[in-house]
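Chemist:
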Amino acid sequence: MNVFKHLQHQRRELTGRAFDRHLRLGVTGLSGSGKTAFITSLVHQLTQGDQPSNLPFFDVVREQRYLGGRLASQVLAVPRFPLEQNLQYLQQTPPAWPPSTTGWSQLSLQLRYKAASGLRSHLQSHSELALDIIDYPGEWLLDLPMLDMSYAQWCEFSWQLFAKTHRSAAAQPFAQLLQNTDLQDASELHLQQLTDSYKQLLTQFHQTPGAYLNQPGRLLVPGVLSGAPMLQLFPLLPQQAEQPSALATQLEQHYDSYRKHVIKPFYQQHFSALDRQVILVDCLSALNAGYAAITELQQALRLILQSFNYGPSSLLSRLFKPKISKVLFAASKSDHATPEQHKALTLLLQQLLQQPLKNSQYQAATTEAMAIAAIRASSSGFVQADGLAQPCISGTGLDQQALTYFPGDIPPTVPPQEVFEQHKFAFLPLRPLPWNDTQALPHVRMDHVLQFILGDKLR
Ligand SMILES: Nc1nc2c(ncn2[C@@H]2O[C@H](COP(=O)(O)OP(=O)(O)OP(=O)(O)O)[C@@H](O)[C@H]2O)c(=O)[nH]1
Ligand SMILES: [Mg+2]
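Mapping of the sequence shown onto this note's numbering: residues 83 to 541, in sequence order.
#1: Quick one: residues in its chain with C-beta nearer than 8 Å to the C-beta of VAL164, no 5 flanking neighbours on either side, listed in chain order?
#2: Tell me which residues share the same chain as GLN443 and place their Cβ nearer than 6 Å to its Cβ, disregarding the 5 neighbours each side in the sequence.
#3: Just jot down, in chain order, the residues whose CB lies closer than 7 Å to any heavy atom of ligand 2.
#4: Among ARG358, TYR373, GLN437, which one has its Cα closest to the Cα of ARG106?
#5: Whole angstroms is fine: what's the gap from PHE287's alpha carbon to GLN297's?
#6: Based on the DSSP output, what are the partners of GLU450 in its beta bridges?
#7: Just reading off the beta strand (DSSP E) that THR183 is part of, what are its end residues?
#8: Distance check for LEU259 and LEU435, CA to CA, integer angstroms please.
#9: What is the DSSP secondary structure of PHE464, counted as helix, strand or coil?
#10: DSSP on GLN472, reduced to helix/strand/coil?
#11: Whole angstroms are fine: how far does the CA of LEU128 sit from the CA of LEU319?
#12: For THR331, which beta-bridge partners are listed by DSSP?
#13: Taking TYR349 and LEU224 to be in contact with their CB atoms under 8 Å, please state how far apart those CB atoms are, rounded to whole angstroms.
#14: Within a Cβ cutoff of 6 Å, which residues of the same chain sit near ARG527, ignoring the five residues on either side of it in sequence?
#15: Under a three-way DSSP split, which group does ILE535 fall into?
#16: Pull up the DSSP beta-bridge partners for HIS525, would you.
#17: Just the Cα atoms here: how many angstroms apart are ASP214 and SER115?
#18: Name the residue from ARG194, TRP222, ASP468, ILE216 whose alpha carbon lies nearest to the alpha carbon of GLU210.
#19: At what residue ranges does the stretch 229-295 contain a whole run of the alpha helix (DSSP H), taking only runs of 4 or more?
#20: Tell me which same chain residues have a C-beta within less than 7 Å of the C-beta of MET83, skipping the five on either side of it?
#21: Using only CA atoms, which one of MET312, GLY305, HIS505, GLN192 lies nearest to ALA371?
#22: According to DSSP, what are the bridge partners of LEU211?
#23: Could you tell me if VAL344 is buried or exposed, where buried requires 16 or more neighbouring beta carbons within 10 angstroms of its beta carbon?
#24: For a cutoff of 8 Å on Cβ pairs, would you count PRO311 as touching chain C?
#25: Rounded to whole angstroms, what's the CA-CA distance from VAL496 to GLN335? Just pull it up for me.
This is the structure:
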């Protein structure tokens with residue numbers, strides 16, 4: 083990296099932080115929760131969508147004080163969020179979603195606005211706020227809990243997880259393989275063969291709806307680490323991990339290297355200095371996948387959310403130990419349901435997060451929960467059925483079939499297991515609506531999101 087440019091960037095950021103003119107937004111969510119779609123929409127709304135009609139609840143826009151946002155120049159060695167490519171996917175015929183993320187990337191925005199009142203509104207023609215956002219594969223987030231576990235504890239944790247109903251059959255052949263393996267053979271070939279088998283199992287889990295907790299994340303999405311020896315990593319059976327053996331020693335070394343050289347730096351670089359956070363949860367896919375999925379989703383969120391620092395940000399903490407002062411809990415993809423169900427979706431999200439948040443310090447931050455769609459893929463309306471107006475949504479299925487239907491009621495609390503045995507939830511995935519970039523991106527409540535996340539900084 084160009085050292086001078088890097089130092090310049092750091093100095094700008096520190097000055098911005100000192101004057102409270104620089105924010106780092108963390109977008110937290112499991113794989114497929116909608117992070118990339120969210121960032122694409124947020125950035126598009128801030129750089130193109132300054133029409134009050136598209137963002138009616140975003141004060142700075144409604145009060146006509148927003149002067150626009152632009153992408154700030156970026157350090158050349160930092161991967162850039164592929165905004166333009168993502169917008170291209172949405173403009174294809176037929177429209178497509180941006181692909182799943184395979185590496186980290188960042189985007190920095192410079193937002194310009196007129197101050198609403200106070201000294202700044204008289205002295206300056208405009209004020210500026212810098213906003214940094216990073217995107218990363220959701221799989222990598224799931225590595226964070228490994229920081230708190232030793233290798234033996236991780237083996238215990240993994241095999242407890244693999245014993246769950248939606249995982250146990252798939253895990254059986256790998257358990258058998260380990261059972262019959264020579265624990266004193268720590269040769270390169272043996273390690274690689276076992277890792278390949280574990281990778282196959284992880285890939286199978288990854289494709290199982292509701293199997294969220296797949297570790298290590300870099301085995302599924304290696305990024306630049308492809309082929310690194312520390313990625314020869316898998317959990318031995320708990321009793322095998324406890325006994326000294328050549329294989330256990332080697333795996334423990336790989337595990338410790340992975341934590342030290344991959345997870346820790348990633349956490350320190352991207353997650354330890356956030357000011358605000360959006361936690362995206364795809365509750366509807368979890369409902370579709372059933373009871374085991376909901377409980378695993380809660381477990382995954384509980385493990386992840388313990389890793390973040392929450393609290394009010396004083397000047398000192400802003401500079402040296404930033405804490406997350408505002409957290410938005412967002413139920414993503416709410417456009418898969420009819421609008422009158424959004425209230426229940428928000429309640430479901432709140433109840434679902436209650437247990438995961440129990441031991442985190444999130445109460446120290448200001449919070450809000452809402453149902454959103456970063457990129458709305460349906461339109462809502464009513465159809466006449468039995469002389470009554472029934473709410474419905476219209477959109478296009480992944481197979482390009484036009485659909486108009488009532489997707490069903492959303493339970494406002496997590497239903498007990500019996501409900502899932504009797505009832506199948508089916509909130510169907512949709513293609514994005516046809517769109518071109520001269521238009522504002524359709525959304526649900528992104529104006530509320532922007533107001534909550536940025537409103538107080540744009541006054
Ligand atoms: N209808 C609808 N679908 C959405 C929305 N946002 C995301 N999706 C769907 O969810 C899928 C995953 O969204 P992404 O934004 O790629 O999720 P991600 O969290 O970035 O996932 P990873 O990159 O794998 O970590 C998309 O391909 C869409 O099918 C939305 O606002 N509305
Ligand atoms: Mg993504």
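A virtual CB, placed ideally from N, CA and C, is assigned to each residue, including glycine.
Modeler: Per the coordinate set shown:
#1: Residue 164 is actually Pro in this sequence, not Val. So the list reads PRO180, SER187, once near-sequence residues are dropped.
#2: Taken in chain order, the residues that qualify are TYR392.
#3: LYS117, THR118, SER182, THR183, ASP217, PRO219, GLY220
#4: ARG358
#5: 10 Å
#6: LEU410
#7: Run containing THR183: none; DSSP gives neither H nor E here.
#8: 37 Å
#9: strand
#10: If DSSP states are grouped into helix, strand and coil, GLN472 belongs with the strands.
#11: 50 Å
#12: BP columns for THR331 are empty, so no partner.
#13: Actually they do not touch by this definition, with Cβ atoms about 12 Å apart.
#14: MET452, ILE454
#15: helix
#16: Paired residues: none, contrary to the question.
#17: Answer to the nearest angstrom: the Cα atoms are 20 Å apart.
#18: ARG194
#19: 233-244, 250-261, 270-288
#20: Legend: pLDDT at MET83 = 46, less than 50; position of this residue unreliable, no value from coordinates given.
#21: HIS505
#22: LEU193
#23: buried
#24: This model lacks chain C altogether, as it is built from one protein chain only.
#25: In a straight line, the C-alpha of VAL496 is about 41 Å away from that of GLN335.
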